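Have a look at the structure below before the remarks.
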Amino acid sequence: MNIIKTKLQDVYIIEPQVFKDSRGWFLESWS
Numbered sequence: 117m118n119i120i121k122t123k124l125q126d127v128y129i130i131e132p133q134v135f136k137d138s139r140g141w142f143l144e145s146w147s
């Protein structure tokens, strides 16, 4: 997961990592 800090205090953008292959894709919504 990528956690991006913003200019606003205590506000973050959370981007999940997407795993792709020939069958499709998968992502985890927890860690």
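Heads up: the sequence shown is residues 117 to 147, going by this note's numbering. The beta-carbon is built from N, C-alpha and C at its ideal position, and this holds for glycine as well. All values derive from a computational prediction rather than experimental measurement.
- Apart from sequence neighbours up to five positions away, the residues of its chain that approach Y128 with a beta-carbon distance below 7 Å are I119, I120, K121 and T122, ordered along the chain.
- Beta-bridge analysis with DSSP links K136 to W141.
- The beta carbon of V134 is closer than 8 Å to those of W141, F142 and L143 in its chain, skipping five residues each way along the sequence.
- In the structure shown, K121 adopts extended strand secondary structure according to DSSP, grouped into three states.
- By the criterion of a C-beta distance shorter than 8 Å, D137 is surrounded by no residue of its chain, once the five residues flanking it on both sides are discounted.
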